[in-house]
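Structure record follows, encoded as structure tokens.
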Amino acid sequence: MLTRRDSLRLLAGAVVGAAASPARSAIAADTPPAWTVTGSSSPSLQPFDDLLKSFMEARSISYASLAVVRQGRLVLARGYNSTSGPVLAQPTSLFRLASLSKPVTATAIMKLVQDGRLSLSATVAPMLGLNTAVDSRLGDVTVLHLLQHLGGWDRSVSFDPMYQWDFNISSRLQVPLPVTQANIMDYTSRYKLDFKPGDRYAYSNYGYMLLGKVIEKVTGLPYATYVQQNVLAPVKITRMTQGRTAQSLRRPSEIAYYSQYSGTTVLDNSGAQVPMPYGTFNLENMAAHGAWLSSAVDMAKFTTIFDAPGLLTSSTIAQVFAPPAVDWSGSYYGMGWSVRPVSGGLNTWHDGAYPGTSTLMVRRYDGLSWVVLFNQWNDALGQNYTADIDYPLHVAADSVTSWPTTNLFPSYGL
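Heads up: the sequence shown runs through residues -28 to -1, 1 to 386, numbered per mature numbering (1 follows the signal peptide of the UniProt record, and there is no 0).
The structure is reproduced here in structure tokens:
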């Protein structure tokens, strides 16, 4: 029987501060409404197509992609388009993942732990040269704390240095825009932690940025290079890449992002107004917590890493989904995944959002997984797309009476 999950609402970019009173931006598509579906499915999976059509048309979402996996086989791979083009979303179209990047980073960290190159108890400050003079507790933050969002930073109490603080960082440190990850670490270390490391959960994009720097320190490789070579390539994922901020740097197969708002660019000191997805935040700095681009089918393949031993051992997979050493009720954050114990096993998931992007990845206890990607986040009604699509996707899945036995992964090189 279906149990609705009370999602943790783990948005990659709940933009505050400068975004609190954004200007409207006329970047929504002007083309007449249309409906085009690309990719492959089966007649028995029509409930998924029907849901995406009604959902997107009700919210004026132009592009989306959905991939569904059952028992390790890709059974649906779709691109959905409520616009007449000229470019159509395909199952292999690249979308910004936002916080779906965090499970990717956590997997890379756990691969290093599994290989004996890193300890979960390793303290991060000495490894990365963080200054602990302002708060000695910073020296106690471990890799495990970062993985489980127990590091001591609470953006609801103080600030999220990864979003809308670029101007403050530039002014305080007297450095030009765009600020760098090194600037962000310097700036954040000048403030006290919001709580003692390990005491409680508080979602932290900054903590995952630090995990990306840990990967670079341990391996001697750029973060993305290590992930591509040691996490993605072994499971045949080759399309995933890091996104770029500027609209002019969009990848050839990357979808366009839409927002009704604009804001001041953080890429330089010009004060220029730009569409919110293209310069009001610095995507390059979000490498480990929000900068991956992926197709739905590639992220669907990523979910299979956790279905059986392979890239990760059964012991490592169990660690990923183990509860943290803090009080929790109902659901908790493991290592890169939200987890809910249910009758029969675990439901695991992650969602993500920032202007121009909404994403959701779900792994159910019964062998079903799906990934849905949208090219919008906010609208005039303030609707939360990933929260709103979550339960209906479970309903659609539970309404299927006959599942196809074919596997579409090989059709996409996976």
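Ideal Cβ positions, reconstructed from N, Cα and C, are used throughout, including at glycine.
Would you call the CB atoms of residue i and residue j closer than 8 Å?
i    : j    : result
H261 : T77  : yes
A49  : V269 : yes
S37  : L345 : yes
L46  : L380 : yes
L100 : L182 : yes
S56  : H121 : no
L332 : I361 : yes
T160 : P133 : yes
Y230 : N347 : yes
H322 : L24  : no
V292 : M271 : no
L193 : T217 : no
R335 : T275 : yes
S383 : S12  : yes
P313 : Y305 : no
L119 : M157 : no
I81  : I227 : no
N241 : P148 : yes
L116 : A97  : no
T252 : G243 : no
V298 : R172 : yes
K273 : L365 : no
Tell me, which residues are paired with residue i by DSSP?
i    : result
S266 : F67
P296 : BP columns for P296 are empty, so no partner.
R45  : R42
W7   : Note: W7 sits in no beta bridge, so no partner.
Y305 : S310
G324 : T331
E256 : Its beta-bridge partners do not exist; DSSP assigns none.
Q214 : W264
P247 : S234
V344 : L38, L332
S143 : Its beta-bridge partners do not exist; DSSP assigns none.
R50  : G11, L38
Quick one: measure Cβ to Cβ for residue i and residue j, integer angstroms, because I've assumed they're closer than 8 Å.
i    : j    : result
Q153 : K185 : 7 Å
K74  : Y180 : 5 Å
W137 : D166 : Between D166 and W137 the Cβ distance is about 15 Å, and since that is not below 8 Å, they are no contact.
R211 : L60  : About 17 Å; that fails the 8 Å criterion.
R42  : W309 : Not confirmed; about 19 Å, so no contact.
Y337 : N319 : 6 Å
A259 : Q219 : Not confirmed; about 19 Å, so no contact.
V9   : D21  : 6 Å
D107 : K164 : 4 Å
A203 : T79  : Rather than Ala, the amino acid found at residue 203 in this sequence is Val. About 5 Å; that satisfies the 8 Å criterion.
Count the other CB atoms, across all protein chains shown, that sit within 10 Å of the CB of residue i; report buried if there are 16 or more and exposed otherwise.
i           : result
K208        : exposed
K83         : buried
Q18         : exposed
R89         : exposed
R162        : exposed
G282        : exposed
P169        : buried
N254        : buried
R144        : exposed
S(-4)       : In this prediction, S(-4) scores a pLDDT of 37, lower than 50, which makes its location untrustworthy; the coordinate-derived value is nonetheless stated afterwards. Label assigned to S(-4): buried.
A205        : exposed
A30         : exposed
F278        : buried
G302        : exposed
D155        : For the record, residue 155 in the displayed sequence is Asn; it is not Asp. N155 comes out buried.
T373        : exposed
S26         : exposed
S93         : exposed
S34         : buried
P150        : buried
Q62         : buried
S341        : buried
A280        : exposed
A39         : buried
S315        : exposed
V367        : exposed
A6          : exposed
residue 390 : Outside the shown range of the chain (-28 to 386) lies residue 390, about which nothing can therefore be said.
A369        : buried
G317        : exposed
A105        : exposed
Can you find a CB in chain B that lies within less than 8 Å of the CB of residue i?
i    : result
L193 : Given the protein chain composition of this structure (a single chain), no chain B is represented.
Assess contact between the segment 320 to 336 and the segment 244 to 257, defined as three or more Cβ pairs (one per stretch) separated by less than 8 Å. Is contact present?
yes
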